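Worksheet for the structure shown next.
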Amino acid sequence: MRFNVISLMPEMVETALQFGVVGGAFKKGLCELSLINPRDFAEDNHKTVDDRPFGGGDGMLMMAEPLQKSLDSLTPSGPTYFLSPQGRRFDDSMAREWSQDDEITLICGRYGGVDQRFLSHNKITEVSIGDFVLSGGELAAAVIIDSVTRQIPGVLGHAASAVDDSFKGGLLEIPHFTRPQLWNDLGVPPLLLCGDHRKIHEFKQNMGVLVTLQKRPDLLTARSQDWAALIQYVSKLSEDNLVPLGLQKGEILLQLKEREDNG
Ligand SMILES: C[S@@+](CC[C@H](N)C(=O)[O-])C[C@H]1O[C@@H](n2cnc3c(N)ncnc32)[C@H](O)[C@@H]1O
-16 MRFNVISLMP EMVETALQFG VVGGAFKKGL CELSLINPRD FAEDNHKTVD
34 DRPFGGGDGM LMMAEPLQKS LDSLTPSGPT YFLSPQGRRF DDSMAREWSQ
84 DDEITLICGR YGGVDQRFLS HNKITEVSIG DFVLSGGELA AAVIIDSVTR
134 QIPGVLGHAA SAVDDSFKGG LLEIPHFTRP QLWNDLGVPP LLLCGDHRKI
184 HEFKQNMGVL VTLQKRPDLL TARSQDWAAL IQYVSKLSED NLVPLGLQKG
234 EILLQLKERE DNG
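Start counting the sequence shown at -16; every next residue gets the next number (this note's numbering).
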């Protein structure tokens, strides 16, 4: 997969993607990064890429022409997106979808943004990483590339790692524990130590729903769930399996009954 990034500060994107599994994916050639700097296409001696907005207002805007030349230098074969706080909010399902593309082009704004005519002329879709304003699109581009790269087969060492990540199947991943078994008088859920893979799998599945119910109940609204079966499972579960996950049996049973009553 190839990521093209148009940016006035390409080093920011390049540096952010040099580490960990994502850095490894670029080094192994599982994906490629092409950085294009609009300043290289500026026409005057000062390499000007920005100007004041018509109608006044604070700050500067990126001019359309150097951006257009940057885009034309690429002839991208895949979709092109402009990073913008006004765009559709990027999420995990988009990361999975985008990882199916062979090529993606991301355009980073700076200053007060870009001349709107560049976006309109090229019919470019805007994408945001959240309802806040960054100083530039570079960190947003790096965030998106990181999350898309994780979805590319072979990038994560262990084949199942991405499958268990939060948001897969609409649930959050459950908390994990490692050695020592007892730390600061805190134990781990006994079921995780029982050695019975079927029981462990069932426990993890059900805890995924409970943890999501606690932390992000909004994710469960569209989910069809057998709440009665879950109530039965939790009722039989000893408290020491729930406490390490930050769950209280009485409280969680009340929430489950409420869900069951509401259908
Ligand atoms: C200071 S911001 C400009 C914000 C713009 N004046 C507005 O209020 O919509 C500069 C650039 O940072 C990037 N940016 C800022 N916040 C972002 C976000 N939440 N997601 C993606 N990109 C963002 C965009 O490329 C934007 O053009």
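Here a beta-carbon is modelled for each residue, glycine too, at the ideal position from N, C-alpha and C. Computed from a predicted model, the values in this text were never measured in an experiment.
DSSP bridge partner residues for residue i (one or two, in chain order)
i, result
"Phe65", "Ile90, Glu109"
"Val(-12)", "Leu18, Leu89"
"Leu169", "Trp166"
"Leu117", "Paired residues: none, contrary to the question."
"Met77", "Answer is none; Met77 lacks a bridge partner."
"Asp33", "Met45"
"Phe72", "The sequence shown places Arg at residue 72, rather than the Phe named in the question. BP columns for Arg72 point to Ser111."
"Val97", "Met45"
Pair within 8 Å by beta-carbon distance, residue i and residue j
i, j, result
"Leu13", "Gly140", "no"
"Leu154", "Thr195", "yes"
"Asp98", "Gly61", "no"
"Gln215", "Val192", "no"
"Gly42", "Gly95", "yes"
"Val217", "Glu121", "no"
"Ala47", "Ser130", "no"
"Arg133", "Ala123", "no"
Inter-residue CB distance, residue i and residue j (contact presumed, cutoff 8 Å)
i, j, result
"Tyr64", "Thr108", "5 Å"
"Val116", "Leu66", "That belief does not hold up - the Cβ atoms of Val116 and Leu66 are roughly 11 Å apart, past 8 Å."
"Ile(-11)", "Leu50", "7 Å"
"Ala75", "Phe150", "Rather than Ala, the amino acid found at residue 75 in this sequence is Asp. Asp75 to Phe150, Cβ: 4 Å. Contact."
"Gly170", "Asp223", "7 Å"
"Leu89", "Ile127", "7 Å"
"Leu57", "Pro21", "At roughly 12 Å, the Cβ-Cβ gap does not stay under 8 Å, so Leu57 and Pro21 are not in contact."
Practice problem: Check whether the segment 21 to 41 touches the segment 64 to 77, counting contact only when three or more Cβ pairs, one atom from each stretch, lie closer than 8 Å. | Solution: The segment 21 to 41 makes no contact with the segment 64 to 77, as fewer than three CB pairs between them are under 8 Å.
Quiz item: Which residues have a Cβ closer than 6 Å to any heavy atom of ligand 1, listed in chain order?
Solution: The filter returns Leu66, Ser67, Pro68, Gln69, Cys91, Gly92, Arg93, Gly95, Gly96, Ser111, Ile112, Gly113, Phe115, Val116, Leu117, Ser118, Gly119, Gly120, Ala123, in chain order.
Quiz item: Okay, do the segment 1 to 14 and the segment 102 to 109 touch, 3+ Cβ pairs below 8 Å being the bar?
Solution: No: fewer than three Cβ pairs fall under 8 Å.
Quiz item: On the three-pair Cβ rule with 8 Å, is the segment 227 to 236 touching the segment 151 to 166?
Solution: Contact between the segment 227 to 236 and the segment 151 to 166 is present: three or more C-beta pairs spanning the two stretches fall below 8 Å.
Quiz item: Quick check: the segment 35 to 42 against the segment 16 to 27, are there 3 or more CB pairs under 8 Å?
Solution: Put simply, the segment 35 to 42 does not touch the segment 16 to 27. Fewer than three CB pairs are less than 8 Å apart.
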